[in-house]
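Have a look at the structure below, then the notes.
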Amino acid sequence: PAARVAGRRQDVWSIVNEAAAASPKQPIVNMGQGFFGYNPPEFIINAAKAALDQVDCNQYSPTRGRPRLKKAIADSYSPLWGRKLDPETEVTITTGANEGMLSAFMGFIEEGDEVIIFEPFFDQYISNIEMPGGKIVYVPLHPPPNGDKQGTSAADWTIDFAELEAAITSKTKMIVINTPHNPIGKVFSKDELLKIGELCVKNSIIILSDEVYDRLYYVPFTRMATLSPEIERLTLTVGSAGKNFYATGWRVGWLIGPPHLIQYVAAAHTRICYSSVSPLQEAAAIGFEQADQENFWEGAKKEMKGKMDQFNTIWKELDLPFSDPDGGYFVLVNMAKVKVPADYPFPNQVKDRPRDFKLCWFLIQEVGVAAIPPTEFYTDQNAHIGEDWLRFAVCKEDEVLDRAKERLRDLK
Ligand code: GLN
9 PAARVAGRRQ DVWSIVNEAA AASPKQPIVN MGQGFFGYNP PEFIINAAKA ALDQVDCNQY
69 SPTRGRPRLK KAIADSYSPL WGRKLDPETE VTITTGANEG MLSAFMGFIE EGDEVIIFEP
129 FFDQYISNIE MPGGKIVYVP LHPPPNGDKQ GTSAADWTID FAELEAAITS KTKMIVINTP
189 HNPIGKVFSK DELLKIGELC VKNSIIILSD EVYDRLYYVP FTRMATLSPE IERLTLTVGS
249 AGKNFYATGW RVGWLIGPPH LIQYVAAAHT RICYSSVSPL QEAAAIGFEQ ADQENFWEGA
309 KKEMKGKMDQ FNTIWKELDL PFSDPDGGYF VLVNMAKVKV PADYPFPNQV KDRPRDFKLC
369 WFLIQEVGVA AIPPTEFYTD QNAHIGEDWL RFAVCKEDEV LDRAKERLRD LK
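Here the sequence shown is numbered in UniProt numbering, starting from 9 and rising by one per residue.
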């Protein structure tokens, strides 16, 4: 096998899902991987079913995506961009946001080019950047100094702009921004984005802005591409129907950006998978058309914020500090106080990993709740920063969140 796959450890998602399925505590409450515990709204399910009856929806779509979906996305995002987006040249559809990002890296990275990412990072960026030969340069998001106390929020994770500036070299080709951020739930402030954007303009760096949680923000949200025409010229924005419509298995994503960037993302996508799943593109198009009409987004945001607040009351009860998220559906909880027996029988896939993997394993076996160990989102060198935390996904039914809280009370 090639080193790019053989050299890698088992991914955290399968470790946690497999452990959850095999846990003695069934039914387990799986708050690990960020999948929804409930179905997309009925109008979207119906659209998907109807699409299968349409002859052309069972055949290849154009490589850049179905015209109806590109138009629906351009129509939905034009008001947010403050100008009319051209669906033909400024939008391209991908097989999930993940393949969209891979296509962006494939489209621009040459062997040895550097890509800046903030740490912690969504793990998939790493292999997506390394596959075309990119070199990753990490810049820390500094955790709140009092993160082991109650009362911190995602906004307390900060960028040191001197560190960011120092990370830029003549080889820096791209930077990845993720707002709302996974796993922190940080919504980057307008000021932070402007400073990043201006540095990129000064140094001609392409900005890949992963905004897949863009409809779930609980403080004012700024989109990188909307800051100035100079920044927009360099910005590719990534979106996800899976996140927007509670359908992470659909694998429908997109990029919005200026034609001179989008064309190369589309060129790479064409060679990676030619085109994306047709019937689900059609359903996503109808999803956008109706969601905008019914103001679905406002309801979705309120609902998720309700789940977040309802679930997070447990941490005060247990006296475990959490970092209150400003967006998305993940919450980071500081578990420094939870003791794990040193002689606990850990299997190989967690034995040599940092403490959070052991905590995660212990909770799955003994409490019946699965979460994600966030050191997976750190380099080995900085894993110590994440090892006392666990990430919980709250995109679950209210009864499931209540069951999780009931079980977590065993930690008292
Ligand atoms: N975005 C999802 C999460 O963070 C995971 C997606 C994946 O499994 N690659 O939970």
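Glycine included, every Cβ here is placed at the ideal spot set by N, Cα and C. Values in this document were obtained by computation on a predicted structure and should not be read as measured data.
Between Arg12 and Met182 the beta-carbon gap is near 19 Å, outside 8 Å, which marks them as no contact. Contact check for Leu367 against Val348 passes: the beta carbons are separated by less than 7 Å. The beta carbons of Pro329 and Asn66 sit about 51 Å from each other, so the pair does not count as a contact at 8 Å. By the neighbour-count criterion, in which 16 or more other beta carbons inside 10 Å mark a residue as buried, Gly250 falls on the buried side. Checking the DSSP bridge columns, you'll see Glu122 partnered with Lys143 and Thr180. In this structure, Val145 is the residue among Leu93, Val145 and Phe338 with its C-alpha nearest to the C-alpha of Ser178. In the three-state scheme derived from DSSP, where H, G and I count as helix and E and B as strand, Ile380 is classed as strand.
When secondary structure is reduced to three states using DSSP, His189 falls in the coil class, being assigned neither helix nor strand.
Proximity of the beta carbon of Asn38 to the ligand GLN is not indicated: no heavy atom of the ligand is located closer than 6 Å. A check of alpha carbon separations from Ile167 across Lys194, Ala292, Asn154 and Asn190 identifies Lys194 as the nearest.
Taking C-alpha positions only, Asn186 is separated from Ser217 by approximately 6 Å. With a cut-off of 8 Å on Cβ pairs, the segment 317 to 324 is not in contact with the segment 371 to 385, counting fewer than three such pairs. Per DSSP, reduced to three states, the secondary structure at Asp360 is coil, with no helix or strand assignment. The shortest C-alpha to C-alpha distance from Thr100 to any of Asn342, Gly155, Ile294 and Ala112 is the one to Ala112. The nearest non-hydrogen atom of the ligand GLN is 6 Å or more from the C-beta of Trp397. The alpha-carbon separation between Ala29 and Arg241 amounts to approximately 46 Å. Annotation for Trp258 indicates a beta carbon at 6 Å or more from all heavy atoms of the ligand GLN. Between Phe338 and Arg399, the alpha-carbon positions lie close to 6 Å from each other. Contact check between the segment 67 to 82 and the segment 247 to 264: three or more CB pairs, one atom from each, fall below 8 Å, which counts as touching. Rounded to the nearest whole angstrom, the C-alpha separation of Arg17 and Leu93 is 41 Å. Distance from the CA of Glu127 to the CA of Glu96, rounded to the nearest whole angstrom, comes to 35 Å.
Partner residues in a beta bridge of Asn211, as assigned by DSSP, do not exist. Distances from the CA of Lys310 to each of Arg223, Phe129, Thr180 and Ala58 were compared; the closest alpha carbon is that of Arg223. Under the 10 Å beta carbon count, Gln289 is surrounded by 16 or more other beta carbons and is classified as buried. Within the segment 324 to 355, the runs of beta strand (DSSP E) at least 3 residues long that lie entirely inside it are, in chain order, 330 to 332 and 338 to 342. Here DSSP, grouped into helix, strand and coil, assigns Pro148 to strand. The C-beta of Ala170 has fewer than 16 other C-beta atoms within 10 Å across all chains shown, which makes the residue exposed. Ile101 has Trp262 as its beta-bridge partners, per DSSP.
Proximity of the segment 289 to 308 to the segment 244 to 258 meets the contact definition, three or more beta-carbon pairs being nearer than 8 Å. Of all alpha-carbon atoms in Lys33, Glu119, Val24 and Ala292, the one lying nearest the alpha-carbon of Asp418 is that of Lys33.
At least one heavy atom of the ligand GLN is found less than 6 Å from the C-beta of Gly42. With distances taken between CA atoms, Ser248 lies nearest to Gly336 out of Leu269, Gly336 and Ser236. Each residue's CA atom was taken as its position, placing Val260 and Gly159 some 37 Å apart. Distance from the CA of Glu26 to the CA of Met39, rounded to the nearest whole angstrom, comes to 13 Å.
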